[in-house]
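Data first, discussion second: the structure below is written as structure tokens.
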Amino acid sequence: MAFFKIRSLTLKGIIFLLAATMSESSQFDRRPYCGTDPTPEEVVAMEKDFQARLQASALLETAPKYNLNVYFHIVSEDDTVSGGNIPDAAIARQIDVLNEAYRDINIEWTLAGTTRTTNLDWFNNAFENSAQQAAMKNVLRKGGPADLNVFTVRLAENVLGYATPPSQFESNPLEDGVVIRSDTVPLSDLTHLRVTLAQTLSHYAACWTGLDGELASPSILVEE
């Protein structure tokens, strides 16, 4: 089964729940949240794209395993881990988390390359729709529409990341990809809170592929 024109894989729904990373006594508006905020027009386009793919969903019931490339772009303020310079071992661990989350729907992710860029402006200011994120993606993005580009930056304390849906690729291919907060990438073994944060990329990869439908949680996700 050929990959769809943009990048739709399956319509067995998958939207991952990101458990709150702050205590129950914390104020709600300080909890991390999804930074993807489409306009009403973009919502209409996304729904139209989804409905078009829904008509072909029956053809995907016996689809083979898909192997998708992932390009990691580590943007940092300096060469330290605390400054955003995520080590290779953490990237490999994040790919493992991604593959575990998508195992049951026949999607496999392969790390195809890693870039490292020290740019204080991009690291601190690559918010959704900003000039910095556009410049960052235009310079660093690799591959085609079926290649997931992940950019790690600082973002705001209460924003975990954002992603571009398939419906936006044709009109703006150079800004395609997923941006996540660098401290969500698992630096150590996955236990308790770190498991939840490590699923940040799993969630935004679902946004990026255009997956939607019934709620499903990855088997690796545990309760706090």
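Positions in the sequence shown are counted from 1; adding 15 to them yields our numbering.
Quick reminder that beta carbons are idealized off the backbone N, C-alpha and C, glycines included.
None of these values were measured; they are calculated from a predicted model.
Item	Value
For L126, the first and last residue of its enclosing beta strand (DSSP E)	122 to 133
Neighbourhood of E123 by C-beta distance below 8 Å, restricted to the same chain and skipping five residues each side	K80, Y81, N82, L83, N114, Y117
Classification of D191 by the beta-carbon crowding that lies within 10 angstroms, buried from 16 upward	buried
Environment of K157 [buried if 16+ CB atoms lie within 10 Å]	exposed
Exposure label - N144; buried when at least 16 CB within 10 Å	exposed
Distance CB(F166)-CB(V90) smaller than 8 Å	yes
Buried or exposed by the 16-neighbour rule on C-beta atoms within 10 Å, applied to G99	buried
Rounded straight-line distance, which links the Cα of D198 to that of I101	9 Å
Backbone CA spacing between Q183 and A60 [nearest angstrom]	8 Å
Bounding residues of the beta strand (DSSP E) (the contiguous stretch that carries N153)	It is not in any beta strand (DSSP E) - N153 instead sits in the alpha helix (DSSP H) that spans 146 to 155.
D44 versus G225: straight-line alpha-carbon distance, rounded	With a pLDDT of only 38 at D44, under the threshold of 50, the placement of this residue in the model should not be trusted; the figure read from the coordinates follows. Computed Cα separation, rounded: 27 Å.
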